[in-house]
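Reading through the structure tokens given below for one structure.
2 protein chains.
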Amino acid sequence: MPEFFTVLPPDEALAQLFDHLSPTPHPESIPTADALDRVTFEAIHAPASLPAFDRSTMDGYAVRAPDTFGASQSLPAYLTVVGEVPMGRAPPFEVKAAQAALIHTGGMLPPGADSVVMIEVTQKARENEIEVLKAVAVGENVLKVGEDIAEGAEMLPAGHWLRAQDLGGLSALGFTQIKVARRPRVALLATGDEVVPPEVEAGPGQVRDVNSVSVAGQIARAGGIPLRRGIVGDDFDALKAAAESALAEADALVLSAGSSVSVRDVTADVVDGLGKPGVIVHGVAVKPGKPTILAVADGKPVFGLPGNPVSAMVIADLFVVPTVYRMQGCQTPPLRQSVKAKLTHNIASQAGRVDFIPARLVTRDGELWAEPVFGKSNQIFTLVFADGMVVVPRDVNGVSEGEAVEVRLF
Amino acid sequence: MPEFFTVLPPDEALAQLFDHLSPTPHPESIPTADALDRVTFEAIHAPASLPAFDRSTMDGYAVRAPDTFGASQSLPAYLTVVGEVPMGRAPPFEVKAAQAALIHTGGMLPPGADSVVMIEVTQKARENEIEVLKAVAVGENVLKVGEDIAEGAEMLPAGHWLRAQDLGGLSALGFTQIKVARRPRVALLATGDEVVPPEVEAGPGQVRDVNSVSVAGQIARAGGIPLRRGIVGDDFDALKAAAESALAEADALVLSAGSSVSVRDVTADVVDGLGKPGVIVHGVAVKPGKPTILAVADGKPVFGLPGNPVSAMVIADLFVVPTVYRMQGCQTPPLRQSVKAKLTHNIASQAGRVDFIPARLVTRDGELWAEPVFGKSNQIFTLVFADGMVVVPRDVNGVSEGEAVEVRLF
Numbered sequence: 003m004p005e006f007f008t009v010l011p012p013d014e015a016l017a018q019l020f021d022h023l024s025p026t027p028h029p030e031s032i033p034t035a036d037a038l039d040r041v042t043f044e045a046i047h048a049p050a051s052l053p054a055f056d057r058s059t060m061d062g063y064a065v066r067a068p069d070t071f072g073a074s075q076s077l078p079a080y081l082t083v084v085g086e087v088p089m090g091r092a093p094p095f096e097v098k099a100a101q102a103a104l105i106h107t108g109g110m111l112p113p114g115a116d117s118v119v120m121i122e123v124t125q126k127a128r129e130n131e132i133e134v135l136k137a138v139a140v141g142e143n144v145l146k147v148g149e150d151i152a153e154g155a156e157m158l159p160a161g162h163w164l165r166a167q168d169l170g171g172l173s174a175l176g177f178t179q180i181k182v183a184r185r186p187r188v189a190l191l192a193t194g195d196e197v198v199p200p201e202v203e204a205g206p207g208q209v210r211d212v213n214s215v216s217v218a219g220q221i222a223r224a225g226g227i228p229l230r231r232g233i234v235g236d237d238f239d240a241l242k243a244a245a246e247s248a249l250a251e252a253d254a255l256v257l258s259a260g261s262s263v264s265v266r267d268v269t270a271d272v273v274d275g276l277g278k279p280g281v282i283v284h285g286v287a288v289k290p291g292k293p294t295i296l297a298v299a300d301g302k303p304v305f306g307l308p309g310n311p312v313s314a315m316v317i318a319d320l321f322v323v324p325t326v327y328r329m330q331g332c333q334t335p336p337l338r339q340s341v342k343a344k345l346t347h348n349i350a351s352q353a354g355r356v357d358f359i360p361a362r363l364v365t366r367d368g369e370l371w372a373e374p375v376f377g378k379s380n381q382i383f384t385l386v387f388a389d390g391m392v393v394v395p396r397d398v399n400g401v402s403e404g405e406a407v408e409v410r411l412f
Numbered sequence: 003m004p005e006f007f008t009v010l011p012p013d014e015a016l017a018q019l020f021d022h023l024s025p026t027p028h029p030e031s032i033p034t035a036d037a038l039d040r041v042t043f044e045a046i047h048a049p050a051s052l053p054a055f056d057r058s059t060m061d062g063y064a065v066r067a068p069d070t071f072g073a074s075q076s077l078p079a080y081l082t083v084v085g086e087v088p089m090g091r092a093p094p095f096e097v098k099a100a101q102a103a104l105i106h107t108g109g110m111l112p113p114g115a116d117s118v119v120m121i122e123v124t125q126k127a128r129e130n131e132i133e134v135l136k137a138v139a140v141g142e143n144v145l146k147v148g149e150d151i152a153e154g155a156e157m158l159p160a161g162h163w164l165r166a167q168d169l170g171g172l173s174a175l176g177f178t179q180i181k182v183a184r185r186p187r188v189a190l191l192a193t194g195d196e197v198v199p200p201e202v203e204a205g206p207g208q209v210r211d212v213n214s215v216s217v218a219g220q221i222a223r224a225g226g227i228p229l230r231r232g233i234v235g236d237d238f239d240a241l242k243a244a245a246e247s248a249l250a251e252a253d254a255l256v257l258s259a260g261s262s263v264s265v266r267d268v269t270a271d272v273v274d275g276l277g278k279p280g281v282i283v284h285g286v287a288v289k290p291g292k293p294t295i296l297a298v299a300d301g302k303p304v305f306g307l308p309g310n311p312v313s314a315m316v317i318a319d320l321f322v323v324p325t326v327y328r329m330q331g332c333q334t335p336p337l338r339q340s341v342k343a344k345l346t347h348n349i350a351s352q353a354g355r356v357d358f359i360p361a362r363l364v365t366r367d368g369e370l371w372a373e374p375v376f377g378k379s380n381q382i383f384t385l386v387f388a389d390g391m392v393v394v395p396r397d398v399n400g401v402s403e404g405e406a407v408e409v410r411l412f
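As given, the protein sequences belong to chains D and H, one line each in that order. Note that my numbering has the first sequence beginning at 3, numbered continuously upward. Note that my numbering has the second sequence beginning at 3, numbered continuously upward.
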């Protein structure tokens, strides 16, 4: 491990981590109906055209368009009705010149017909005869074969994050199973002699583990499987053993490190010894969250998060979440949700680092305002009482009341 | 059922539906670690103060602040070091006048001490003596008892949508189980003689069911449990029987209605007969999605969605999703994700209705642009190839190229 680490801006730090990571997602086949928020393992092409037949998009009459040319209110075209298109079956008749067939939305165009006249621009002349009061163009009110998607076309690329409509599109083409990337298993280990599990009564000097639960939620949202592996004391050998064993059964490891300098140094030494190349980034220009460790151990990402709950969530959001998507081969992670709002108070900041400040969103005169929830980064409730975090970019020295800021929703 | 329905703007339609719905969420107790995206059933108060003891927020020395008053580089204060605060235990000593104790971040302040001097502004004078080079104020670098949250304070209100930090906050106070609203069971029924299940080979004139899968995804995202109850033909009695049986085992019912007028009328009649008061809204001023039915049957919401896949998703987004949150008693549903973007093309629209147009987001010169994916509302792939939908508000007649629009992400 080099002796000296430069504190990096978060985007550069992530890029450096990614430079050392070439995750190869593993495929698994699951029911399409269960594939929401999963990531496609490979590109999927349409095995057939959709629709597979010309379909009416309106209630009306299937006709040959030229038969309606010139038709108007005062000079209607007269067509003979030869039948009604059954839903869900091929019509058992043809539409010839000067003929029409009653058709419903979604019905299959009979042979011979090339367009549909909306019912609203027709009227009954006599039994089996209609007047068409307006001309239609060829193809009008018809969804042509392959107009939704053509046979052989790429429906979804590899590495595509699956949304509700994607599952619908897959179903339309008969995909009831789909190959997705396996969910990465991310082990979580909390450290600190003062930390006890949430189910334990905290004695004098003790605090319950917050980060293993909150960061687990962030990992799960990104599609990972969090594996909570408990708490280790501030001891090099114990931490090393626990980290090795957790990493062996997982695809990634997140250590929520103690917050004192001595403990952080121990964590960095342990992380660096887990595998090659070891620590990539030690320290990021983010407040809160500076004492962050990003590492790669024999192909697996390892994160040393600051111990403070707010810092841990900020750093997990910036580094762990994008990595979990990347481990699924995801090329199009969902857009990180944020809103623009005006600041209710001045915020001081320091150029050269990105500041995150918990804030509540309030509406004033129909406008969105961000009201900072001031607090220390060891106060989890500043984030519980907030809707998100104001992001103060690297290159500014603070933001004034009334200025527009980005609020990352948490 | 009244004979005539006015087509309502979507917000008014939803308000009318909600006027007839007083859902009473049912509680269930689940592990806090599994409660992400669930909704609190009742308000939760802090059973104890957090932190439970004064904690150091820095590495340094616990002192009595007055002992440092006036201290400077040139005139340091000399303090005797009486010990080191152990992590996770109460310090077994007191800090008296002119004394200090080594303390780590997160350590418990010893009795007598009221503040922490950062290690950086101290230096060792001799064995067991330090020089303090800068004064601290009382309480400086200390997180006081209850400063994160005070005993008895409301941690989370009832009807709160649970995020990662909320699970962290609950864990900090020892809540390993939490009472949340039961997930509403929403039955889905597709109708249409032409519709076949996704696993079936579609014959001539047939199409596979898309809506039961895509809308199920939307329901699941909102916290509901979708129950896919198959496909019914265009027959009043069959639809009535299927709808009654589906509604009996569920908390809500979504019918993806056929798209032809005759089938829609059958659906409306069936829905109206399911219970009191029956159909509340028939027709909304939304494109696509006009032929929407909103109903309440003996306290359970019933939705008649248009059959077209894009329309069905738009209407589910506008009405089903907010209702599923409401059924969980959710007062703070997650903000509907949308972005502002500039339009790449003119879009025509009709004042008096809200238009939704599928669009892809592209970045040009660092700015976000929305590029409409033109297509018919029966083309599911317009939404698959889109990132979201441009919303053209009710009161405008169209939007010009370069104008900023809201894009609801789908």
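All C-beta atoms in this analysis are idealised placements derived from N, C-alpha and C, irrespective of residue type, glycine included. Everything numeric in this text was worked out from a predicted model, so none of it was measured.
Quick one: what's got a C-beta closer than 7 Å to residue i's C-beta in the same chain, skipping five residues either side?
i: L169 of chain D; result: T34, A35, A37 and L38
i: P200 of chain D; result: R210, D211 and V215
Along chain D, in chain order, which residues have C-beta atoms closer than 7 Å to that of residue i?
i: A54 of chain H; result: A204
i: T124 of chain H; result: By Cβ distance, chain D contributes nothing, its closest Cβ being about 14 Å from T124 of chain H, past 7 Å.
i: Q167 of chain H; result: S216, M315, I382, L385, V386 and F412
Are the C-beta atoms of residue i and some chain D residue less than 7 Å apart?
i: V263 of chain H; result: yes
i: E447 of chain H; result: For residue 447 of chain H there is no data in the structure shown, the boundaries of chain H being 3 and 412.
i: M3 of chain H; result: Residue placement at M3 of chain H cannot be trusted, given a pLDDT of 43 that sits under 50; what the coordinates show is reported in the next sentence. No, no contact with chain D.
i: K378 of chain H; result: yes
i: V138 of chain H; result: no
i: R91 of chain H; result: yes
i: I151 of chain H; result: yes
i: G170 of chain H; result: yes
Under 7 Å between C-beta atoms, does residue i make it to chain H?
i: S24 of chain D; result: no
i: D21 of chain D; result: no
i: M391 of chain D; result: no
i: A145 of chain D; result: Before going further, note that residue 145 of chain D is Leu rather than Ala in the sequence given. By this cut-off, L145 of chain D is an interface position.
i: G108 of chain D; result: yes
i: P78 of chain D; result: no
i: A183 of chain D; result: no
What residues of chain D sit near residue i, judged by a beta carbon separation below 8 Å?
i: M157 of chain H; result: F383 and V386
i: R210 of chain H; result: S173, A174, L175 and G176
i: D236 of chain H; result: M89
i: V341 of chain H; result: L337
What does a CB cutoff of less than 8 Å around residue i pick up in its chain, not counting 5 residues either side in sequence?
i: E5 of chain H; result: The predicted position of E5 of chain H is uncertain, since its pLDDT is 41 and thus under 50; a value taken from the coordinates is nonetheless stated next. Around E5 of chain H: no qualifying Cβ.
i: E251 of chain D; result: R187, A189 and L229
i: D274 of chain H; result: M3, G280, V281 and A297
i: A222 of chain H; result: P228
i: A166 of chain H; result: L38
i: T384 of chain D; result: V312, P360, V375, F376, G377 and K378
Between which residues of its own chain and residue i is the CB-CB distance below 6 Å, once the five residues before and five after are set aside?
i: W371 of chain H; result: A343, K344, T346 and V364
i: Q18 of chain H; result: I282 and V283
Name the chain D residues whose beta carbon is nearer than 9 Å to that of residue i?
i: T294 of chain H; result: Those within 9 Å of T294 of chain H in chain D number zero; the least Cβ separation is about 15 Å.
Output, in chain order, the set of chain H residues within a Cβ distance shorter than 7 Å of residue i.
i: M120 of chain D; result: Result: empty, since nearest Cβ-Cβ is about 11 Å, beyond 7 Å.
Problem - At least three beta-carbon pairs within less than 8 Å, the segment 219–231 of chain D to the segment 262–270 of chain D - result: Short answer: they don't touch.
Practice task
Would you mind listing the alpha helix (DSSP H) stretches within the segment 70–116 of chain H that are 4+ residues and don't spill past its ends, in chain order?
Solution key: Correct list: empty.
Exercise for the section: Return the chain-ordered ranges of every alpha helix (DSSP H) run that is complete within the segment 277–355 of chain H and spans a minimum of 4 residues. Expected result: Entirely contained in the segment 277–355 of chain H, the alpha helix (DSSP H) runs reaching 4 residues are, in chain order, 311–317 and 323–329.
Exercise for the section: Only counting runs of 3 or more residues, tell me where the beta strand (DSSP E) segments fall wholly within the segment 206–246 of chain H, in order along the chain. Expected result: Entirely contained in the segment 206–246 of chain H, the beta strand (DSSP E) runs reaching 3 residues are, in chain order, 227–234.
Problem - Stretch pair the segment 85–100 of chain D + the segment 138–152 of chain D: three plus CB contacts closer than 8 Å - result: Here the segment 85–100 of chain D does not lie against the segment 138–152 of chain D, with fewer than 3 beta-carbon pairs under 8 Å apart.
Practice task
Check whether the segment 371–388 of chain D touches the segment 22–33 of chain H, taking contact to mean three or more Cβ pairs, one atom from each stretch, closer than 8 Å.
Solution key: The answer is no - the segment 22–33 of chain H does not touch the segment 371–388 of chain D, with fewer than three Cβ pairs under 8 Å.
Problem - Segment contact flag, the segment 59–72 of chain D with the segment 101–121 of chain D, C-beta cutoff 8 Å, min 3 pairs - result: They touch, by the three-pair rule.
Exercise for the section: Please determine if the segment 170–184 of chain H and the segment 70–85 of chain D are in contact, where contact requires at least 3 C-beta pairs separated by less than 8 Å. Expected result: The segment 170–184 of chain H makes no contact with the segment 70–85 of chain D: fewer than 3 CB pairs, one atom from each, lie closer than 8 Å.
Practice task
Indicate whether the contact test is met: 3 or more Cβ pairs, each with one atom in the segment 332–341 of chain H and one in the segment 333–342 of chain D, closer than 8 Å.
Solution key: Touching, yes.
Exercise for the section: Evaluate contact between the segment 39–58 of chain H and the segment 145–155 of chain H, counting only Cβ atoms and requiring at least three cross-stretch pairs below 8 Å. Expected result: Yes, they touch.
Problem - the segment 313–320 of chain H touching the segment 291–305 of chain H, judged by at least three CB pairs closer than 8 Å - result: The segment 313–320 of chain H is in contact with the segment 291–305 of chain H.
Exercise for the section: Write down every uninterrupted run of the beta strand (DSSP E) in the segment 132–198 of chain D whose length is 3 residues or greater and which is fully enclosed by it, in chain order. Expected result: For secondary structure counted as the beta strand (DSSP E) over 3 or more consecutive residues, the segment 132–198 of chain D holds these complete runs in sequence order: 156–158, 179–183 and 187–193.
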